[in-house]
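Chemist: Numbering (full-length UniProt numbering), first residue to last: 1 to 762. All C-beta atoms in this analysis are idealised placements derived from N, C-alpha and C, irrespective of residue type, glycine included. Everything numeric in this text was worked out from a predicted model, so none of it was measured. Quick one: the structure is below, questions incoming.
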C-alpha cells in the first residue's frame, strides 16, 4: 500500500541538512517563540495571551501535560507551548467562503501544515452525502442530524465516540455520560495510542494507572533515568525541572536510540546563564540503546543489583520494603538469574561495562526516579518493559517515598484527566456503579472498542457513526491507508475542532465540522479544569474573545446534543450542565474518587493534588494488596538481513499531528520533513549515501506498506535503527502490529527496508 505525498504546499527541494545541536533552548528558543506568536497573533495579542499561559488565574497550555509547580515564573511556557498557543489564538479565519473554494478532495490533497495554517474554524459546516463540498449548517440542524443518525443505528455499539487529550474534565465527564446514557462503552481515545501500555503495567503492579511522583520529588531525586523520551521537543518545561534537580545534586542517565539536544545541555531562557552562558549539562551518562532494548536493560541492571546484594548482604536490596510491601519477589529473582548476557548485549546494543557503569550510578543513589514516554510504550512488549521498570524500582524501595518512583510523562494537556473522568472503553465496575447510583440509570457493562478496534469496526462496517471530541484521528492513527479507507465507509463522521486537519477531508459519506472554543478564549464567566501529568488538578480560564460569535464550548456541544438525543431526560440535567459547570463538578465530586468538595478545592490558587495511594500511603490497591514483582520474558527483536528498525518521532516544529513549521532545529533539518535518520555505517552497508532519495517499505505478513520519497540523512542513531517523522510514516505501522495487553500500535519498532529512488528522467 503506497501512500503518495500530498501536493507540494511546501517545496522540499530546498531542504537543508546541518549538524544536530548539542544544546536546547537559549536565545534561539526565545526568538522562535516570539516570531511564531507575532506572525499568528500580532504583538498586542501575543503579550496578552502568553502572559496567561499556565498561570494560576490563566489558562492551561493546549500543548503538553507537564505540571507547573507551586512557585511559577511570569513566563511559564516553552517554545512549543508558545507555538501551540499561537496556533489556537491566531487571527486567521476559515469561513464559508473558504469551503466554497475548496472541495473535500482538494483539501485531502494538502499537507497537514497547509491545513493548519488556514486559521480558526468559525461556523458549523456540513458535507451532505454525495457532495464534495462543505456548506454552512445551523447548530440546531447539526444536532438534529447527529441525533437522527444515532437513533437510526441497530445498536448503540455501532457508534464510536473518540476523545483527544485536549478536552477539559467537565467536557470529558459530560461526554462519557452522554455515551453511556446512549448505551455503549465505545470510547476510544488518544491514550490508546500513547500511554495505554503505562496504565496497563502500572495498574497491575502498583494498583494505579498513573505515575507516583510529584514535581517536588523530581527536584529531590538522587538519580533520574530519562528513558525513551525527548523532553527538549515534547515536554520542554521538563528541562527546567531537570536543571533544578541537577542544582540539587541529582545525576541523570539518558537512555535513547537518538542523542537528543535537550538532554545534553540546557540553556534556560529564563536565566541569564542560559541566555549568554554555556547552560547546564544535564545527562551524566548516555546509554544509546537499540530500539526495543529497554526490557533487557532493566532486567540486566536488576540482575547486577541482586549480585551486588549477594556479595554484600543487607547493603543493596531494601529488604524491609520488599517483605512488607511486595509480592512475587522470589519468583522474579529466580527468573532473573537465568538471564543470558549475550542476549542482553544483542537486544540493547550495549556492552556489559556500560550497563555496569549505570548500576554504579544506582548504587550511589538513595532515591531513584524513572521517567519515560512513547519510546517505551509503543512496542509489542511495552507492558512487559514497564513492568520490568517497576521491578527495578521496587528492589531498592524506590516507590512511595520522597524523590523516588515511576514517572510516565503524558503527552496532551488533559489526556490523564480525560481517563480520570471516565473516558475509557474498559471502565471498572466501581466507576459504572457510581454513575448508576448518582444518575439512576444502568450504564452498559460490556467493554467497548479502543482505537485499533474502532478502525477495524469502521472497516468492516460494524460501526457506522464516528464522533470525535477534538484530535485528528485520521493522521494520528496507524496504518494510514487502512484508516482512511475505514473512515470513508462511515455513514456519518463528526469532528469537534478548533482548526482544520486531515480528518475533515478524509471523512464519512456525510460529515459535520463543529467549531469549538479554544483554551485561550473566554467562555462567559465559566472556567474548566484539567489534570496534569502528576495528578494536580487546576482551573483554566481563557482571556481572548472567541474567534467567532458562532462557537460553542465543548460542554455546550455535548449537552445540546444530549438534549436533542434524549429529550426531557429524567436522569441527567443537561441544560443545567450546559449553563453552569459547577453543576457538573458537583456530580463529579460524588462519582470520581479524590474529587470530593471539587468546587471548593478547585478555587484555591493552584488547584489540588489527587490522592495517590502508592505515593501517599505506600498502599498498593492491586489484586494481591501489595506491589507486584512480575516475571517478564526477554525476547530479542531480530530483523531480517538488510532491514532496520524504524521509530516514528516528532520534529521540533510540531506537536502531535499539528505541524508548526518545516524545521527541526535540534536535529539540523531546515525546510523539509520527508527525511529518514540512519547511521552512516548502516547507509554504507546498503550502498546508500547521505542525501540519497529512498522509499521506506515496511514488511508485515499481510503485505508491504510504502512511504515514498524520503531523503536519507546520516545521523548518529543506534546501529540497526532509523527514525522518521509522523504522521508521514504512520502509513508504515500495520494495524495489527500492537502491544500485548494494551493494544497500542507499535510505532517505535517497525521493520523496514530502504529502497533507492532513481532520479526522474530529464
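1. Please tell me whether residue 647 has its Cβ less than 8 Å away from any Cβ of chain B.
2. Taking three-plus beta-carbon pairs below 8 Å as touching, is the segment 254-266 in contact with the segment 398-413?
3. Report yes if the CB atom of residue 19 is closer than 8 Å to the CB atom of residue 79, and no otherwise.
4. Is the segment 102-122 in contact with the segment 142-154, if contact means three or more CB pairs nearer than 8 Å?
5. Assign residue 11 to one of two classes, buried (16 or more other C-beta atoms within 10 Å of its C-beta) or exposed (fewer than that).
6. At a cut of 8 Å, does the segment 181-189 reach the segment 202-221 through at least three beta carbon pairs?
7. Leaving out five residues before and five after residue 512 in sequence, what residues of the same chain have Cβ atoms less than 6 Å from its Cβ?
8. Among all the DSSP beta bridges, which residues are the ones paired with residue 694?
9. Shortest alpha-carbon distance to residue 131 belongs to which of 637, 508, 559 and 664?
10. Look at residue 710 and residue 648 and say whether their C-beta atoms are less than 8 Å apart.
11. Do you know offhand how far residue 685's Cα is from residue 698's?
12. Output needed for residue 690: all residues of its chain with C-beta closer than 6 Å, excluding positions within five of it in sequence on either side, in chain order.
13. Considering only the alpha carbon of each residue, which of 302, 68 and 323 lies closest to residue 333?
14. Which value, in whole angstroms, describes the spacing of the CA atoms of residue 825 and residue 240?
15. Would you give the residue range spanned by the alpha helix (DSSP H) that residue 566 belongs to?
16. By DSSP's criteria, residue 327 is part of a beta bridge. Which residues make up the other side?
17. In terms of residue numbering, what span does the beta strand (DSSP E) encompassing residue 226 cover?
18. Suppose contacts are defined by Cβ-Cβ distances below 8 Å. Is residue 645 in contact with residue 639 by that definition?
19. Can you name the start and end residues of the alpha helix (DSSP H) that residue 540 belongs to?
20. Compare the Cα-Cα distances from residue 42 to each of 89, 228 and 52 and report the closest residue.
21. Three Cβ pairs or more, each shorter than 8 Å: is that satisfied between the segment 736-750 and the segment 669-684?
22. Start and end of the beta strand (DSSP E) containing residue 372?
23. Rounded to whole angstroms, what's the CA-CA distance from residue 146 to residue 565? Just pull it up for me.
24. Spell out the partners DSSP gives residue 251 in its beta bridges.
25. Since residue 326 and residue 195 are thought to touch, with beta carbons under 8 Å apart, how far apart are those beta carbons, to the nearest angstrom?
26. Is the CB-CB distance between residue 632 and residue 295 below 8 Å?
27. Give me, in chain order, the residues of the same chain whose beta-carbon lies closer than 7 Å to that of residue 354; leave out the 5 immediate sequence neighbours on both sides.
28. Does the distance from the CB of residue 61 to the CB of residue 471 come in under 8 Å?
29. In terms of alpha-carbon separation, which member of 392, 346, 343 and 384 lies closest to residue 363?
30. Hey, quick one: how far does the alpha helix (DSSP H) through residue 430 stretch, first residue to last?
31. For the alpha helix (DSSP H) that residue 504 lies in, which residues bound it at each end?
32. Using 8 Å as the threshold, is the C-beta distance between residue 476 and residue 193 below it?
33. Mapping DSSP to helix, strand and coil, what is residue 445?
34. What separation, rounded to the nearest whole angstrom, lies between the Cα atoms of residue 651 and residue 368?
35. Which one or two residues does DSSP pair with residue 725 in a beta bridge?
36. Between the alpha carbons of residue 229 and residue 344, how many angstroms are there, rounded?
Modeler: With the given structure in hand:
1. Here chain B cannot be found, since the structure has a single protein chain.
2. With fewer than three CB-CB distances shorter than 8 Å, the segment 254-266 does not count as touching the segment 398-413.
3. No; because the gap between Cβ atoms is not below 8 Å, this pair is not in contact.
4. Contact between the segment 102-122 and the segment 142-154 is absent: fewer than 3 CB-CB pairs across the two stretches fall below 8 Å.
5. Under this definition residue 11 is an exposed residue.
6. The segment 181-189 is not in contact with the segment 202-221.
7. Closer than 6 Å at the Cβ level, and outside the excluded window around residue 512, lie 126, 142 and 494.
8. Beta-bridge analysis with DSSP links residue 694 to 710 and 756.
9. Considering only 637, 508, 559 and 664, the residue with the shortest C-alpha distance to residue 131 is 508.
10. Contact: no.
11. Approximately 19 Å between the Cα atoms of the pair.
12. Closer than 6 Å at the Cβ level, and outside the excluded window around residue 690, lie 714.
13. Ranked by Cα distance from residue 333, the first of 302, 68 and 323 is 302.
14. The chain is shown from 1 up to 762; residue 825 falls before or after that span and cannot be answered.
15. Per DSSP, residue 566 belongs to the alpha helix (DSSP H) from 554-566.
16. Here residue 327 is bridged, per DSSP, to 628.
17. For residue 226, the enclosing beta strand (DSSP E) begins and ends at 223-227.
18. A contact, by the Cβ cut-off of 8 Å.
19. Looking at the DSSP string, residue 540 is not in any alpha helix (DSSP H); the run it does join, the beta strand (DSSP E), is 536-540.
20. Per the Cα distances, 89.
21. In short, these stretches do not touch, since the Cβ pair count stays below three.
22. 368-372 is the span of the beta strand (DSSP E), which, as asked, contains residue 372.
23. Distance between residue 146 and residue 565, taken at the CA atoms: about 8 Å.
24. Residue 251 has 223 as its beta-bridge partners, per DSSP.
25. Contact check for residue 326 and residue 195: beta-carbon distance about 24 Å, past the 8 Å limit, so the pair fails to qualify.
26. Against a cut-off of 8 Å, the Cβ pair of residue 295 and residue 632 comes out as a contact.
27. Once the five neighbours on either side are set aside, the close Cβ partners of residue 354 are 287.
28. No.
29. When each option's Cα is compared against that of residue 363, the closest is 392.
30. First-last of the alpha helix (DSSP H) with residue 430: 429-439.
31. Where residue 504 is concerned, the enclosing alpha helix (DSSP H) stretches over 502-505.
32. Going by C-beta atoms, residue 476 is nearer than 8 Å to residue 193.
33. Coil.
34. Rounded to whole angstroms, residue 651 to residue 368 spans 30 Å at the Cα level.
35. DSSP output for residue 725 lists 649 as bridge partner(s).
36. Cα atoms of residue 229 and residue 344: separation of roughly 21 Å, rounded to the nearest angstrom.
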